[in-house]
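Protein chains in written order, with our numbering: chain U, 1 to 389; chain C, 390 to 778. Shown next, in structure tokens, is the structure this report addresses.
Shown next as structure tokens:
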């Protein structure tokens, strides 16, 4: 965006979502209870954007200036939904890695982890199999007398872990996030990582002697995620879970953003099902609220949302990289002449929004160029429209 | 609706708006403060409708059944807005007497009272002039020592009025509401009234001897509104203002439904301007809230809302009768092939929604027939669409 704004003589506005960053409507009490957190939801966020954009345009005497929305991930969903609900305020939206179909039963619940697994399988079948087999090794420590101490040694923790789930989550996070950020160049989105980090992880796993335990191999692979800079001698597997400010997202997941996910037999994770009842009980315990299970599809459209978008919306780009497991819950096919899908095989989580680098591959340069062309078309059409009244 | 539902083999559902009738989310405390009343607004109401319709369809195993919305007045606005915001939940909306353009500066602020005045002028120029002149006679009592006692005599009040504003409001209400319900048949919407009550009021005014005071004539005319049944010997000009359950509307008007109105020199009312500052101060005093002055046009579209509807909506009928002063803030011209305006010259406030009677004029029968045809078309198209997937 910083790169293309001058081409459009555009003002760049980064709107902070209420309850994130410094936008705390009740100050330090904002996260205190369900009563204050009730104001943290996507509808309120969209309404904030509408009020802010309108007032900004008024204050800048630029009421006729077209507004184009950019959003990645949840921000991409918001961008697409904003265009659907407030077409009079923004002329178009680039929704990157926006899984608007990841709700209810629109997308198969196992898609996400199947996609993660596919990334590792594509890198190396052995890698996929080692990871898939590692969970049983981990579970074996469960019944082992010295299990936690051994895990702690294997994972080089500061102090002994209290539960094998800490190790499981630590690995899990590394594999999932690395799949999401499997970028074609060295990057530092969640963590500093080399280009194509999934491939790098698999190289580590494949490089071990076949006699090494699976667990030592996956530990080494996960260390790439947690310690690419090689500055850490030990790890804290039970540290603050909210390193990326995701506490707000937990609340949203427990109230409106209900995305059921399972692990299939074919995934590299232990098979699991989704129990709405358990999920709801967990949310009740955590926040004293019941999830609004079908709210997102009620508010924005469900299984037929492509028909809704086709008939009642225009000027949206859904961009996705197939490396990104979230891509499976997004729009991967053109919906109409002006609601288009840009899909790259090697792209990852909103890679198109990352700053351009000299190492960017041709397909990424092309993708960004296409996006600029489409946006340029929206803007030209807008000016033709207002001229004609 | 009761009449046409069987033709469509339709289930009729009357959804009560939160905070009205018996739908009190906080029981008797619902109207207690801005904290509880904060949940009384049009977005929450629309969301309620969405959740209710979706859950009803699920419970009745009728998820494929098309839903058509009917709404009059504010309910008509909600019906049109619902179709705009939730096109995936209802296939069309009949919005009768829905003044969705009565916000900000979309419609001239004097239109409403100019339209009331036009009704009386059309009935009789003398009638209009008598009413127009009566306010000065009333104001003259203001400086008169025995003013309030004389007004009380003229207006046959139970006890002396405390202010000439009581008399003014009493008359004002009678003239405005009678214009709204200037129905072609005897009716009992706000009050029991004869067919074409504006014409009847004017007959009363015109029937007086020219030497009678204007005030005695307008009192007699207003008595038709308050006492058509002729059971009242005296009137209470300072009674409970909320006879029609409009307390909720007052809150909505002070928060989101800001509809600026003025009386022009040409109207039959004393000229007046609109001061947003005064309005806001009044709301602050009453409810401890500041109005969200531009919210409705931010949420649903402003001056270019016809363009928004044209591009992003379909299947809405805006029906209006030109006798109804609210018609001036509604949609009176076709917007597209499937967003149509049905306008009747002699119709009043959502007259099409009143039960059919044997006395109904031909234009009203025709209007209702047209509405049924359009709705039938939506439903047929819906079934074609779902067959084609």
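Where is the CB? At the ideal position from N, CA and C, for every residue including glycine.
{"Check": "Check whether the stretch 484 to 496 of chain C and the stretch 683 to 693 of chain C touch, using three or more Cβ-Cβ pairs below 8 Å as the test.", "Outcome": "yes"}
{"Check": "Starting from the beta carbon of residue 690(C), find every residue of chain U whose beta carbon is closer than 9 Å, and list them in chain order.", "Outcome": "86, 87, 88, 89"}
{"Check": "Reducing DSSP to helix, strand and coil, say where residue 66(U) ends up.", "Outcome": "coil"}
{"Check": "Label residue 120(U) either buried or exposed according to how many other C-beta atoms from any shown protein chain fall within 10 Å of its C-beta, with 16 as the threshold for buried.", "Outcome": "buried"}
{"Check": "Who pairs with residue 720(C) in a beta bridge, going by DSSP?", "Outcome": "Answer is none; residue 720(C) lacks a bridge partner."}
{"Check": "Report the CB separation of residue 182(U) from residue 348(U) in whole angstroms; it is logged as a contact under 8 Å.", "Outcome": "4 Å"}
{"Check": "DSSP on residue 556(C), reduced to helix/strand/coil?", "Outcome": "helix"}
{"Check": "Hey, which unbroken runs of the alpha helix (DSSP H) at 4 residues or more fall wholly within the stretch 45 to 99 of chain U?", "Outcome": "74 to 85"}
{"Check": "Between residue 769(C) and chain U, is any beta-carbon pair separated by less than 8 Å?", "Outcome": "no"}
{"Check": "Could you check where the beta strand (DSSP E) with residue 733(C) kicks off and where it finishes?", "Outcome": "728 to 733"}
{"Check": "Could you check how far apart the C-beta atoms of residue 263(U) and residue 202(U) are, in whole angstroms? I think they sit under 8 Å.", "Outcome": "The Cβ separation is near 19 Å, so there is no contact."}
{"Check": "Distance, Cα to Cα, residue 138(U) vs residue 411(C)?", "Outcome": "58 Å"}
{"Check": "Of all the CB atoms in chain U, is at least one closer than 8 Å to the CB of residue 700(C)?", "Outcome": "yes"}
{"Check": "Alpha carbons only, please: which of 46(U), 54(U), 52(U), 167(U) is nearest the one belonging to residue 76(U)?", "Outcome": "46(U)"}
{"Check": "Can you give the beta carbon distance from residue 457(C) to residue 767(C), rounded, assuming they're within the 8 Å contact cut?", "Outcome": "7 Å"}
{"Check": "Short of 7 Å Cβ to Cβ, which residues in the stretch 3 to 25 of chain U face chain C?", "Outcome": "none"}
{"Check": "Could you please give me the residues that DSSP links to residue 235(U) through a beta bridge?", "Outcome": "157(U)"}
{"Check": "Any C-beta of chain U sitting closer than 8 Å to the C-beta of residue 739(C)?", "Outcome": "no"}
{"Check": "Cα separation between residue 760(C) and residue 84(U)?", "Outcome": "28 Å"}
{"Check": "So the beta strand (DSSP E) residue 375(U) belongs to, where does it begin and stop?", "Outcome": "No beta strand (DSSP E) holds residue 375(U); the alpha helix (DSSP H) holding it covers 362 to 387."}
{"Check": "With C-beta atoms as the reference, is residue 481(C) less than 8 Å away from residue 764(C)?", "Outcome": "yes"}
{"Check": "Would you identify the three-state DSSP class for residue 605(C), choosing helix, strand or coil?", "Outcome": "helix"}
{"Check": "Alpha carbon to alpha carbon, how far is residue 439(C) from residue 114(U)? Give it in angstroms, no decimals.", "Outcome": "33 Å"}
{"Check": "Count the other C-beta atoms from every protein chain shown that fall within 10 angstroms of the C-beta of residue 488(C), then say buried if there are 16 or more, exposed otherwise.", "Outcome": "buried"}
{"Check": "With which residues is residue 709(C) paired in a DSSP beta bridge?", "Outcome": "732(C)"}
{"Check": "Please list the partners that residue 50(U) has in chain C, where partner means a Cβ-to-Cβ separation under 8 Å.", "Outcome": "687, 688"}
{"Check": "With H, G and I counted as helix, E and B as strand and the rest as coil, what does DSSP make of residue 395(C)?", "Outcome": "helix"}
{"Check": "Within the same chain, show all residues whose beta-carbon is closer than 6 Å to that of residue 752(C), passing over the 5 residues directly before and after it, in chain order.", "Outcome": "733"}
{"Check": "Answer with buried or exposed for residue 276(U), where buried requires no fewer than 16 other C-beta atoms within 10 angstroms of its C-beta.", "Outcome": "exposed"}
{"Check": "With respect to 7 Å, is the separation between the Cβ of residue 125(U) and the closest non-hydrogen atom of the ligand GTP below this value?", "Outcome": "Inclusion of the ligand GTP in the displayed structure is not the case, the ligand content being empty and no account of it being possible."}
{"Check": "If you compare alpha carbons, which of 234(U), 17(U), 339(U), 225(U) is closest to residue 43(U)?", "Outcome": "17(U)"}
{"Check": "Taking the continuous alpha helix (DSSP H) assigned at residue 519(C), which residues delimit it?", "Outcome": "514 to 529"}
{"Check": "Using CA coordinates, which residue listed in 78(U), 7(U), 6(U), 31(U) is at the minimum distance from residue 15(U)?", "Outcome": "78(U)"}
{"Check": "The alpha helix (DSSP H) with residue 698(C) in it runs from where to where?", "Outcome": "694 to 701"}
{"Check": "Which residues in chain C sit within 8 Å of residue 308(U), going by Cβ to Cβ distance?", "Outcome": "476, 477"}
{"Check": "Evaluate residue 87(U) with the Cβ neighbour count: other Cβ atoms within 10 Å of its Cβ, from every protein chain shown; 16 or more gives buried, anything less gives exposed.", "Outcome": "buried"}
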